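K.L.:
Residue numbers (this note's numbering), protein chains in the order written: chain P, 4 to 215; chain B, 4 to 215. Got a structure for you, questions after.
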């Protein structure tokens, strides 16, 4: 079996990947500079999965709101450390923003144990006070449900964008359907698929849009 | 639209997810305790994607070798911090093993810049000397190619298992095809799909098998 490894400058790999994605996509993209398409493209790049082209949803103003929040130095809150690990923190820092994830805090574990909540759920509550512009949830449906509830209680102009893309078989699709129905400012992927790289890819695409 | 969120004890979510996966799988599993199936099930759980049932490949002895390595206190090397973040480090530590990832090292960035290699690639070379039992690659085809090359040069009994599941459009499928053809001890997912959660899920399944 002959296997041909393409010789390519490491700095060109991302650009070439995006070219292949646009080329292979069944749907013709009328405007390749559409910010929503930029986000979707980065998600497909992170997953190798074209089904995100059909799954993803953006509410009006979600991308613009996120760009303003990033440029305004607001912080990003994630449900799990894998999402935090995947975000381009150096690029975000140029406007002063930081990434918070409280899931490994000892106090969070203790509160979760006592209240029969998940650690991710407790960690979201703890983090929302930190001048958060984007809440990025890539793993835990429970964290997304808690984010929907708590953000819904916030003053309207203080509400962060929810990037809600938990993955899995128990309440992932349901929590995203609820987000899509009830929350006026969100980005999501309907159905079971999602995950940490999807959440990180969406946030990283938003950071790059903020930079343009 | 009525959306029903299932009420379920957080500690039971994983078990229930695994039940749904077995139930919905097209193929009847003759032996649900088959270690390879346990690994595949955890990957599907992490991705919401049943295509991994068909994509995944295990060489003979790969799982047994990994279990021995984990129980023997060997370390795990990852290509990117997202994979490291997803591994159950507390569980691994009971046998003395640790997780290494050198991609954020300053010296690694410098060597990469000077040698036109990717940071992941340089980080793999730097890490292989650390009593590594498993090399887990979830992101960078370049890192997988470097791991195949360097592990192939090692003394046979010192060779770590390669969990090679990079994702993407440039050399991901090709590097995994090469791993599958040339490396006698590996776990992979053929084609473009893979990623950090896939790599972490495989390693976490192996850690759980070691614990049984």
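Note that the Cβ used here is the ideal one computed from N, Cα and C, for glycine as well. In this text, all values refer to a predicted model and were calculated from it rather than measured experimentally.
Which residue marks the beginning of the beta strand (DSSP E) containing residue 94(B), and which one marks its end?
P.N.:
On the second chain, position 91 is the one that residue 94(B) refers to. Not the beta strand (DSSP E): residue 94(B) falls in the alpha helix (DSSP H), residues 92-96.
K.L.:
Which residues in the same chain have their Cβ closer than 6 Å to the Cβ of residue 87(B), if we skip the five residues on either side of it in sequence?
P.N.:
Residue mapping note: residue 87(B) aligns to position 84 of the second chain, counting from 1. Within the same chain, residue 87(B) has close Cβ partners 81, 102 and 104.
K.L.:
Mapping DSSP to helix, strand and coil, what is residue 80(P)?
P.N.:
Here residue 80(P) refers to the residue found at position 77 of the first chain. Strand at residue 80(P).
K.L.:
Look up residue 147(B) in the DSSP assignment and say whether it is helix, strand or coil.
P.N.:
In the second chain, the residue the question calls residue 147(B) occupies position 144. Here residue 147(B) sits in helix by DSSP.
K.L.:
Examine the Cβ distances between the segment 13-21 of chain B and the segment 187-202 of chain P and report whether three or more of them are shorter than 8 Å.
P.N.:
Output reads no: the segment 187-202 of chain P does not touch the segment 13-21 of chain B.
K.L.:
Between 168(P), 140(P) and 145(P), which has its C-alpha nearest residue 115(P)'s C-alpha?
P.N.:
Against the first chain, residue 115(P) aligns to sequence position 112. Comparing Cα-Cα distances from residue 115(P) to each of 168(P), 140(P) and 145(P), the minimum goes to 145(P).
K.L.:
For residue 44(B), count the other beta carbons within 10 Å of its own beta carbon; 16 or more makes it buried, fewer makes it exposed. Which is it?
P.N.:
Along the second chain, read from residue 1 onward, the residue named residue 44(B) stands at position 41. By the neighbour-count rule (16 or more Cβ atoms within 10 Å), residue 44(B) is buried.
K.L.:
Using the beta-carbon of each residue, which ones in chain P are nearer than 8 Å to residue 196(B)?
P.N.:
Start at 1 with the first residue of the second chain, and residue 196(B) comes out as number 193. Those within 8 Å of residue 196(B) in chain P are 50, 51 and 52.
K.L.:
Given a cut-off of 8 Å on the beta-carbon distance, is the pair residue 1(P) and residue 203(P) in contact?
P.N.:
Summary: the structure shown does not reach residue 1(P), with chain P confined to residues 4 through 215, and so no result is reported for it.
K.L.:
Please tell me whether residue 140(B) has its Cβ less than 8 Å away from any Cβ of chain P.
P.N.:
Here residue 140(B) refers to the residue found at position 137 of the second chain. Output row for residue 140(B): interface = no.
K.L.:
So for residue 167(B), helix, strand or coil by DSSP?
P.N.:
Locating residue 167(B) in the second chain gives position 164, where the first residue counts as 1. Note: residue 167(B) maps to strand in three-state DSSP.
K.L.:
For a contact meaning CB atoms closer than 8 Å, what does residue 158(B) contact in chain P?
P.N.:
Residue 158(B) sits at position 155 when you count from the first residue of the second chain. Those do not exist, as residue 158(B) stays about 26 Å from chain P at its closest Cβ, beyond 8 Å.
K.L.:
Report the option in 172(B), 16(B), 56(B) and 185(B) whose CA atom is closest to the CA atom of residue 165(B).
P.N.:
Stepping through the second chain from its first residue, residue 165(B) is reached at position 162. The residue with the shortest Cα to Cα distance from residue 165(B) is 185(B).
K.L.:
Distance, Cα to Cα, residue 35(P) vs residue 70(P)?
P.N.:
Counted from its first residue, the first chain places residue 35(P) at position 32. Counted from its first residue, the first chain places residue 70(P) at position 67. If I take the Cα positions, the gap works out to 18 Å.
K.L.:
Run through the segment 45-78 of chain B for me and flag every whole beta strand (DSSP E) of 3 or more residues, listed as ranges in chain order.
P.N.:
DSSP runs (the beta strand (DSSP E)) wholly in the segment 45-78 of chain B: 59-61.
K.L.:
If the cut is a Cβ gap below 7 Å, which residues of chain B does residue 20(P) touch?
P.N.:
The residue you call residue 20(P) lines up with position 17 of the first chain. In chain order: 171, 172 and 173.
K.L.:
Out of 10(P), 13(P) and 47(P), state which residue places its alpha-carbon closest to the alpha-carbon of residue 171(B).
P.N.:
Residue mapping note: residue 171(B) aligns to position 168 of the second chain, counting from 1. That would be 47(P), whose Cα lies nearest to the Cα of residue 171(B).
K.L.:
Taking its Cβ as the centre, do 16 or more other Cβ atoms sit within 10 Å of residue 149(P), making it buried, or is it exposed?
P.N.:
Taking the first chain and counting its residues from 1, the one referred to as residue 149(P) is at position 146. Buried is the call here.
K.L.:
Less than 8 Å between C-beta atoms, sequence neighbours within five positions excluded: which residues of the same chain meet that for residue 210(B)?
P.N.:
For the purposes of this step, residue 210(B) is taken as residue 207 along the second chain, with counting starting at 1. For residue 210(B), where only same-chain residues beyond five positions count, the Cβ hits under 8 Å are 73, 90, 91, 94 and 95.
K.L.:
Scan the segment 62-90 of chain P for residues whose Cβ lies nearer than 7 Å to a Cβ of chain B and list them as they occur along the chain.
P.N.:
Going along the segment 62-90 of chain P in chain order, one finds 84, 85, 88 and 89 with a Cβ nearer than 7 Å to chain B.
K.L.:
Note down, in chain order, every chain B residue with its Cβ under 8 Å from the Cβ of residue 23(P).
P.N.:
Position 20 of the first chain, counted from the start, is the residue given in the question as residue 23(P). The answer, in chain order, is 172 and 173.
K.L.:
Please report the Cβ distance between residue 192(B) and residue 56(B), rounded to the nearest whole angstrom; I am assuming they are in contact, meaning their Cβ atoms lie under 8 Å.
P.N.:
Looking up residue 192(B) in the second chain gives position 189. Looking up residue 56(B) in the second chain gives position 53. The pair is not a contact, with the Cβ atoms about 10 Å apart (cut-off 8 Å).
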